[in-house]
Amino acid sequence: MATLRKSCRQCAASKRHCTVQLPSCARCVQRGLTCVYDLQPLSGIDTQNKCSAGQLLTGPGFDTIGYCVLNRAEVYNKVFGDSLDPAFCPPGHNEAQELIEQCFLRVPELFTSIQPAVFIHPKLQIRKGVSHVDLIQVPLDGVMPHRELEILADIDIGTVSLEEHLTALQALLVFTAPLLVSEQPIKQERAEPWLKIAEVWTQYLLSIASVDALSGRTPWQQWLFAESIRRTIVMAYTLICCFNAWKYGYCSNWLLLESLPFDTRPGLWMAETPQAWIAAAGAGTGQQVGTQLTSVHEFSIKMKSMDSTFCGDVFLSMIAMAHNVRFPEPAPPVAMLVTLTFTTTALLPFNLVFNLNWASLA
Numbered sequence: 001m002a003t004l005r006k007s008c009r010q011c012a013a014s015k016r017h018c019t020v021q022l023p024s025c026a027r028c029v030q031r032g033l034t035c036v037y038d039l040q041p042l043s044g045i046d047t048q049n050k051c052s053a054g055q056l057l058t059g060p061g062f063d064t065i066g067y068c069v070l071n072r073a074e075v076y077n078k079v080f081g082d083s084l085d086p087a088f089c090p091p092g093h094n095e096a097q098e099l100i101e102q103c104f105l106r107v108p109e110l111f112t113s114i115q116p117a118v119f120i121h122p123k124l125q126i127r128k129g130v131s132h133v134d135l136i137q138v139p140l141d142g143v144m145p146h147r148e149l150e151i152l153a154d155i156d157i158g159t160v161s162l163e164e165h166l167t168a169l170q171a172l173l174v175f176t177a178p179l180l181v182s183e184q185p186i187k188q189e190r191a192e193p194w195l196k197i198a199e200v201w202t203q204y205l206l207s208i209a210s211v212d213a214l215s216g217r218t219p220w221q222q223w224l225f226a227e228s229i230r231r232t233i234v235m236a237y238t239l240i241c242c243f244n245a246w247k248y249g250y251c252s253n254w255l256l257l258e259s260l261p262f263d264t265r266p267g268l269w270m271a272e273t274p275q276a277w278i279a280a281a282g283a284g285t286g287q288q289v290g291t292q293l294t295s296v297h298e299f300s301i302k303m304k305s306m307d308s309t310f311c312g313d314v315f316l317s318m319i320a321m322a323h324n325v326r327f328p329e330p331a332p333p334v335a336m337l338v339t340l341t342f343t344t345t346a347l348l349p350f351n352l353v354f355n356l357n358w359a360s361l362a
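So the sequence shown is numbered by UniProt numbering: it starts at 1 and just counts up by one.
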């Protein structure tokens, strides 16, 4: 399995700084060494922060994601002692439930009023297949959407276009989230199998997301499509994490969620026209906007201030708040759960992501 580093193998083995470039880094060129990357870098682009609009699921900083849980373990141990596993939390805590409600329950209202929602953008053009987000109605009011779920159940996710796959997963998340936090246990039980389906669909979306799907689109539509995929994947695992933490008190393998990338520039997602999108990026043309990806981990540790409104972007606010709530010392156990909610993720075979498509999109 490919390791999560940006340096070439020669520089990594020698513990030397690697100036990433194609076809060989500067050190390998100077020494006549064979230069091999586990994660293929972009050609002619500053890999520290910028990447092409077609780069879907590759972000910088994967070599530091482990710091996040170590930082949390230090905080937890001050209250609970040295034996606490950071992935544990008491079942039934309100913070995970509130995060689900804030991130998912308003999506139908925003989408039907043609406003950008957390991970669904009304201006994204679906060119191939059916747009299943059109199934979303306002309000859901906790009613079991039998007809809508039956329509989604009939989809053979392995045969539809990437666009239809994306919208089907988005609709499934919106329908499932309110049922998972329902006060009626029967609705929770009926919704859990749908959450399992959402997890499978998300894994498959990770494996098939490709820059080829962006061809033939305008720069704005390219960015919207790619960012919709990235945000939907992040929100799918957020829902899985929150529900497992809320119901079972434990969720494992948070590293994948910590490493998922997205474009962190405030205002771009909230733009509703190409002109507003270009202006929000401070660019002169759509081609100049590009994509600047940062992992969940990197973004969260940079956002120390809770004052930013992120231009009304709930997605960015959610990630910043979930990681950066600071606890008083000593703190009661429940006070820690806001941060814990976002440090765990559902089980996903790492070889599925990194061997198939993660490295190929770099």
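Even for Gly, the Cβ is constructed at its ideal location relative to N, Cα and C.
It should be emphasised that the depicted structure is a prediction, and the values quoted were computed from it without experimental measurement.
Buried or exposed for residue i, please, with buried defined as at least 16 other CB atoms from any protein chain shown within 10 angstroms of its CB.
| i | result |
| --- | --- |
| S317 | buried |
| Q288 | exposed |
| L22 | exposed |
| R231 | buried |
| S215 | exposed |
| A153 | exposed |
| T345 | Only weak support exists for where T345 lies, its pLDDT of 33 falling under 50; the value from the coordinates is given anyway. Buried. |
| V133 | buried |
| S228 | buried |
| N244 | buried |
| A209 | buried |
| S300 | buried |
| E258 | buried |
| A13 | exposed |
Would you tell me roughly how many angstroms separate the C-alpha atoms of residue i and residue j, rounded to the nearest one?
| i | j | result |
| --- | --- | --- |
| G129 | A213 | 13 angstroms |
| V36 | R217 | 33 angstroms |
| E150 | R190 | 13 angstroms |
| F104 | L173 | 8 angstroms |
| L180 | I278 | 38 angstroms |
| M303 | L260 | 16 angstroms |
| M270 | C311 | 7 angstroms |
| S7 | E298 | 18 angstroms |
| N94 | Q102 | 12 angstroms |
| R31 | S24 | 11 angstroms |
| P185 | M144 | 13 angstroms |
| R16 | G290 | 30 angstroms |
| S182 | Y248 | 16 angstroms |
| T159 | S207 | 14 angstroms |
| A276 | P178 | 33 angstroms |
| Y11 | V29 | Residue identity check: residue 11 is Cys in the sequence provided, not Tyr. Spanning the two alpha carbons is a distance of roughly 12 angstroms. |
| T309 | D38 | 37 angstroms |
| I319 | R9 | 33 angstroms |
| L256 | K187 | 29 angstroms |
In terms of alpha-carbon separation, which member of the options lies closest to residue i?
| i | options | result |
| --- | --- | --- |
| V296 | T264, C35, Q222, E272 | T264 |
| E192 | L162, W246, T232, R147 | W246 |
| D313 | T19, A280, G286 | A280 |
| I155 | C25, V118, I208, A198 | A198 |
| L162 | V211, A177, K196, E183 | V211 |
| M321 | E98, R31, G32 | E98 |
| E272 | L110, T291, I186, G284 | L110 |
| F315 | D38, A12, R106, Q222 | R106 |
| G286 | V160, S300, Q222 | Q222 |
| V200 | L169, E183, S182 | L169 |
| L268 | V29, A283, A12 | A283 |
According to DSSP, what are the bridge partners of residue i?
| i | result |
| --- | --- |
| P261 | S295 |
| Y37 | C8 |
Is the distance from the Cβ of residue i to the Cβ of residue j below 8 angstroms?
| i | j | result |
| --- | --- | --- |
| I120 | L239 | no |
| T202 | A226 | no |
| I126 | A171 | no |
| I157 | H146 | no |
| F262 | L293 | yes |
| A117 | C242 | no |
| R27 | T19 | yes |
| I233 | L205 | yes |
| P108 | I114 | no |
| W220 | P266 | no |
| S131 | T167 | yes |
Please tell me whether residue i has its Cβ less than 8 angstroms away from any Cβ of chain B.
| i | result |
| --- | --- |
| I120 | Protein chain content of the structure displayed is limited to a single chain, and chain B is not contained in it. |
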